[in-house]
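A.B. asks:
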Amino acid sequence: MINRNRIIIGITILLSVFFFNLNAHALSPETELLLKLLEKKGVITTDEAAALKQEIETAAPKATDKETIKAEIKQEITDELKADGGPLSGIQDNVTISGKVEVDYQYLDHRKRTDQNSDGTSDLYISTVELGIEAVVNESATANIIFKAENIDKSNDGDANNTVSDNPEKVLFDEATITIFNQEKCPFYAVLGKRGQPFGNFFTHTISNPITKSAYEIATSGVTVGYAPADLFDLDLSFTLYKGEKVIGQVAGIGSMTTPGRNTTSHVETDDVQSYIANLSLQPIDGLTIGAAFNSEPGYESRNNTVNAFAEFSLAGFTLDCEYFAAVKREKFTDNKTYKEKAWTVGLAYQVTDPLEVAARYETFDNDRNTDTSGDIDYRLAVGANYEILDSVTLMGEYRKLQEKATDSSYEKTANEY
Numbered sequence: 369m370i371n372r373n374r375i376i377i378g379i380t381i382l383l384s385v386f387f388f389n390l391n392a393h394a395l396s397p398e399t400e401l402l403l404k405l406l407e408k409k410g411v412i413t414t415d416e417a418a419a420l421k422q423e424i425e426t427a428a429p430k431a432t433d434k435e436t437i438k439a440e441i442k443q444e445i446t447d448e449l450k451a452d453g454g455p456l457s458g459i460q461d462n463v464t465i466s467g468k469v470e471v472d473y474q475y476l477d478h479r480k481r482t483d484q485n486s487d488g489t490s491d492l493y494i495s496t497v498e499l500g501i502e503a504v505v506n507e508s509a510t511a512n513i514i515f516k517a518e519n520i521d522k523s524n525d526g527d528a529n530n531t532v533s534d535n536p537e538k539v540l541f542d543e544a545t546i547t548i549f550n551q552e553k554c555p556f557y558a559v560l561g562k563r564g565q566p567f568g569n570f571f572t573h574t575i576s577n578p579i580t581k582s583a584y585e586i587a588t589s590g591v592t593v594g595y596a597p598a599d600l601f602d603l604d605l606s607f608t609l610y611k612g613e614k615v616i617g618q619v620a621g622i623g624s625m626t627t628p629g630r631n632t633t634s635h636v637e638t639d640d641v642q643s644y645i646a647n648l649s650l651q652p653i654d655g656l657t658i659g660a661a662f663n664s665e666p667g668y669e670s671r672n673n674t675v676n677a678f679a680e681f682s683l684a685g686f687t688l689d690c691e692y693f694a695a696v697k698r699e700k701f702t703d704n705k706t707y708k709e710k711a712w713t714v715g716l717a718y719q720v721t722d723p724l725e726v727a728a729r730y731e732t733f734d735n736d737r738n739t740d741t742s743g744d745i746d747y748r749l750a751v752g753a754n755y756e757i758l759d760s761v762t763l764m765g766e767y768r769k770l771q772e773k774a775t776d777s778s779y780e781k782t783a784n785e786y
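Under our numbering, residues 369 to 786 are what the sequence shown spells out, in order.
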């Protein structure tokens, strides 16, 4: 009888553990019913039933939530794929993923420049969302892709941008290139694809970019071949081909240059690869980088040629940079005149402590007009500070003063922005 009871109790525990696994947070109804039945039949006593219940609860495995199980399975699959011989073997060594999110609060002291009595306006928006993927194909080739969206929900005269599918600030391919270069084996290199082509550096240590970036950045697809030998003052000599009339199209939109504007009636923009850049940079001494570039694009009855020169010097926590752009040849605008604009910037930054940097930048843009027009840029001043509060998390602040020229007394020439 005793042996039979022991067998029954053993079977009860086994079945109970089985039922318990189906409902790990409490005894299952089947287990409760089985214990009561055994107690009712006199197979076990009340004390034995309580002891069995205690033993079952102790022996039952702890519950595992679904999210933990999914995470464990995902990790096992990932480890298997990355294992030697797996389809993703070595991917962690060859692929780098990076990203950036910038959120801006902005205040402008005059809502409308044409009304000196207009009130201020503020905005809160996502200025940049960026995702980058870099893949090392082999020892001589690297592929790079950057997805980017800018000014999400930024107000424009009261309307939010990037809230509909047809707006111009949607996610785009900011860069998509493949670079072929192995300096140890060969000093020559090639870069193919879309990127900011090598014309201008547009130095900045503040939130805003210089005006020169809006005027002269050439962000398009192109092919660059270059020469960058090792141990020769970091020399980089390159030649780039691309399609389009990027610079003159952007310069014509700076300040009041939209009037008179380009002669779009008589001129159709080129559909051939006829634009090019020649670029040279080097580091003659430690801390000093200098360079120059020449850009040429087709235009109306004439090519549009622009030169660029820059220098950057770093010493004892200070960084001084300056850059100059000048038109040397320009097409005629609708008033049958040519305007050879020029622009320059100078900036100074100081690393006060490891997390804190302060910076200032002064810039100007001269559109080569004989008479001033409202909206022509006189100068812009930017002063800012950057503080890294956490690893890869930086708090940035900036004050900008934009001084413009005006022929209308009601036009507010000064814009203060924070």
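A virtual CB, placed ideally from N, CA and C, is assigned to each residue, including glycine. In this text, all values refer to a predicted model and were calculated from it rather than measured experimentally.
Does the separation of the CB atoms of Y747 and Y730 fall below 8 Å?
C.D. replies: As a first step, residue 747 must be located in the sequence shown, where it is residue number 379. As a first step, residue 730 must be located in the sequence shown, where it is residue number 362. Cβ distance < 8 Å, so Y747 and Y730 count as in contact.
A.B. asks: Y692 and N676 look like a contact to me (Cβ under 8 Å); what is the Cβ gap, rounded to whole Å?
C.D. replies: Against the sequence shown, residue 692 aligns to sequence position 324. Against the sequence shown, residue 676 aligns to sequence position 308. About 7 Å; that satisfies the 8 Å criterion.
A.B. asks: What does the Cβ neighbour count give for P652, buried or exposed, with the cut at 16 atoms within 10 Å?
C.D. replies: Residue mapping note: residue 652 aligns to position 284 of the sequence shown, counting from 1. Under this definition P652 is an exposed residue.
A.B. asks: In terms of alpha-carbon separation, which member of D640, S589, Y584, Y610 lies closest to G617?
C.D. replies: In the sequence shown, residue 617 corresponds to position 249, counting from 1. The shortest C-alpha separation from G617 is found at Y584.
A.B. asks: Kindly list the residues whose CB is nearer than 6 Å to the CB of G715, restricted to its own chain and excluding five residues on each side of it in sequence; keep chain order.
C.D. replies: Translated into positions along the sequence shown, residue 715 becomes position 347. Closer than 6 Å at the Cβ level, and outside the excluded window around G715, lie F571, D689, R729.
A.B. asks: Pick helix, strand or coil for I575, following the three-state DSSP scheme.
C.D. replies: Residue mapping note: residue 575 aligns to position 207 of the sequence shown, counting from 1. If DSSP states are grouped into helix, strand and coil, I575 belongs with coil.
A.B. asks: So, is G621 buried or exposed, given that buried needs 16 or more other C-beta atoms within 10 angstroms?
C.D. replies: Along the sequence shown, one-based indexing puts residue 621 at 253. Classification for G621: exposed.
A.B. asks: Give the DSSP-derived three-state secondary structure of S582 in the structure shown.
C.D. replies: The sequence position of residue 582 within the sequence shown is 214, counting from 1. Helix at S582.
A.B. asks: Are A511 and A517 close, meaning C-beta to C-beta below 8 Å?
C.D. replies: Taking the sequence shown and counting its residues from 1, one reaches residue 511 at position 143. Taking the sequence shown and counting its residues from 1, one reaches residue 517 at position 149. For A511 and A517, no; Cβs fall outside 8 Å.
A.B. asks: Leaving out the 5 sequence neighbours to the left and right, which residues in its chain are closer than 6 Å to N389 when beta-carbon positions are compared?
C.D. replies: Taking the sequence shown and counting its residues from 1, the one referred to as residue 389 is at position 21. Because N389 carries a pLDDT of 44, less than 50, the predicted location of this residue cannot be relied on, and the following value inherits that uncertainty. Nothing listed; no residue qualifies.
A.B. asks: By the DSSP assignment, the alpha helix (DSSP H) with G617 in it spans what residues?
C.D. replies: The count along the sequence shown starts at 1 and reaches residue 617 at position 249. Start and end: 614 to 619.
A.B. asks: Assign N529 to one of three DSSP states: helix, strand, or coil.
C.D. replies: Taking the sequence shown and counting its residues from 1, one reaches residue 529 at position 161. Only weak support exists for where N529 lies, its pLDDT of 39 falling under 50; the value from the coordinates is given anyway. In the structure shown, N529 sits in coil (DSSP, three-state: anything other than H, G, I, E or B).
A.B. asks: Please confirm if the stretch 778 to 786 is in contact with the stretch 470 to 479, defined as three or more CB-CB distances below 8 Å between the two stretches.
C.D. replies: Yes: at least three Cβ pairs fall under 8 Å.
A.B. asks: Measuring CB to CB, does A646 end up less than 8 Å from F607?
C.D. replies: Taking the first residue of the sequence shown as 1, we reach residue 646 at position 278. Taking the first residue of the sequence shown as 1, we reach residue 607 at position 239. For A646 and F607, yes; Cβs fall inside 8 Å.
A.B. asks: Is the distance from the Cβ of E766 to the Cβ of V751 below 8 Å?
C.D. replies: Residue 766 sits at position 398 when you count from the first residue of the sequence shown. Residue 751 sits at position 383 when you count from the first residue of the sequence shown. Yes, Cβ-Cβ distance for E766 and V751 is below 8 Å.
A.B. asks: For A598, name the three-state secondary structure that DSSP assigns.
C.D. replies: Numbered from its first residue, the sequence shown carries residue 598 at position 230. Three-state DSSP puts A598 in coil, outside helix and strand.
A.B. asks: In chain order, which beta strand (DSSP E) runs of at least 3 residues are fully inside the stretch 641 to 667?
C.D. replies: With a minimum length of 3 residues, the continuous beta strand (DSSP E) runs that stay inside the stretch 641 to 667 are 643 to 653, 656 to 665.
A.B. asks: Less than 6 Å between C-beta atoms, sequence neighbours within five positions excluded: which residues of the same chain meet that for A774?
C.D. replies: The residue labelled residue 774 in the question sits at position 406 within the sequence shown. Only S742, K781 meet the Cβ criterion.
A.B. asks: Tell me the rounded alpha-carbon separation between A439 and G561.
C.D. replies: Here residue 439 refers to the residue found at position 71 of the sequence shown. Here residue 561 refers to the residue found at position 193 of the sequence shown. The straight-line gap from Cα to Cα measures roughly 38 Å.
A.B. asks: In its own chain, which residues sit with a C-beta less than 8 Å from the C-beta of T531, not counting the 5 before and 5 after it?
C.D. replies: Along the sequence shown, one-based indexing puts residue 531 at 163. Because T531 sits at a pLDDT of 38, beneath the cut-off of 50, its placement in the model cannot be relied upon, and the point is left open.
A.B. asks: Using beta-carbon positions only, say whether T414 and E407 come within less than 8 Å of one another.
C.D. replies: Position 46 of the sequence shown, counted from the start, is the residue given in the question as residue 414. Position 39 of the sequence shown, counted from the start, is the residue given in the question as residue 407. Yes, the pair counts as a contact, with Cβ atoms nearer than the cut-off.
A.B. asks: In chain order, what are the residue ranges of uninterrupted beta strand (DSSP E) at least 3 long that sit wholly in the stretch 462 to 528?
C.D. replies: With a minimum length of 3 residues, the continuous beta strand (DSSP E) runs that stay inside the stretch 462 to 528 are 463 to 476, 489 to 506, 509 to 520.
A.B. asks: Does DSSP classify T436 as helix, strand or coil?
C.D. replies: Within the sequence shown, numbered from 1, the residue matching residue 436 stands at position 68. Helix, per DSSP.
A.B. asks: Jot down the residue ranges of each uninterrupted beta strand (DSSP E) in the stretch 670 to 738, minimum 3 residues, whole runs only, in chain order.
C.D. replies: Counting only runs of 3 or more, we get 672 to 683, 686 to 697, 710 to 719, 724 to 734.
A.B. asks: Tell me the residue span of the beta strand (DSSP E) that contains A774.
C.D. replies: In the sequence shown, counting from the first residue as 1, residue 774 sits at position 406. A774 -> no beta strand (DSSP E), and no H or E assigned at all.
A.B. asks: Near T762, which residues of its chain fall below 8 Å by C-beta distance, leaving aside the five closest residues on each side in sequence?
C.D. replies: Position 394 of the sequence shown, counted from the start, is the residue given in the question as residue 762. Once the five neighbours on either side are set aside, the close Cβ partners of T762 are N754, Y755, E756.
A.B. asks: Excluding the five sequence neighbours on either side, which residues of its own chain have a C-beta within less than 7 Å of the C-beta of F701, listed in chain order?
C.D. replies: As a working mapping, residue 701 is identified with position 333 in the sequence shown. Hits under 7 Å: P628, G629, R630, N631, Y707.
A.B. asks: How is L560 classed by DSSP in three states: helix, strand or coil?
C.D. replies: The count along the sequence shown starts at 1 and reaches residue 560 at position 192. Note: L560 maps to strand in three-state DSSP.
A.B. asks: Check this for me: beta carbons of I658 and A679, under 8 Å apart or not?
C.D. replies: Sequence index remark: in the sequence shown, residue 658 carries index 290 (1-based). Sequence index remark: in the sequence shown, residue 679 carries index 311 (1-based). A contact, by the Cβ cut-off of 8 Å.
A.B. asks: Mapping DSSP to helix, strand and coil, what is E400?
C.D. replies: Residue numbering aside, residue 400 sits at position 32 when the sequence shown is read from its first letter. It is helical.
A.B. asks: Per DSSP, what are the beta-bridge partners of D744 in this structure?
C.D. replies: On the sequence shown, residue 744 is found 376 positions in, with the first residue counted as 1. D744 pairs with nothing; no bridge assigned.
A.B. asks: Inspect the beta-carbon positions of V593 and A544 and report whether they are closer than 8 Å.
C.D. replies: What you label residue 593 is simply residue 225 of the sequence shown in a count that begins at 1. What you label residue 544 is simply residue 176 of the sequence shown in a count that begins at 1. No.
A.B. asks: Looking only at DSSP bridge pairs, what is D604 linked to?
C.D. replies: In the sequence shown, residue 604 corresponds to position 236, counting from 1. Answer is S649, bridged to D604.
A.B. asks: Nearest CA to the CA of F686: which residue from D487, I501, A727?
C.D. replies: Taking the sequence shown and counting its residues from 1, the one referred to as residue 686 is at position 318. When each option's Cα is compared against that of F686, the closest is A727.
A.B. asks: Decide if S760 is buried, meaning its Cβ has at least 16 other Cβ atoms within 10 Å, or exposed.
C.D. replies: For the purposes of this step, residue 760 is taken as the residue at position 392 of the sequence shown. Exposed, by the Cβ-count rule.
A.B. asks: Report the three-state DSSP secondary structure of R768 (helix, strand or coil).
C.D. replies: For the purposes of this step, residue 768 is identified with residue 400 of the sequence shown, where counting begins at 1. Of the three classes helix, strand and coil, the one that applies to R768 here is strand, per DSSP.
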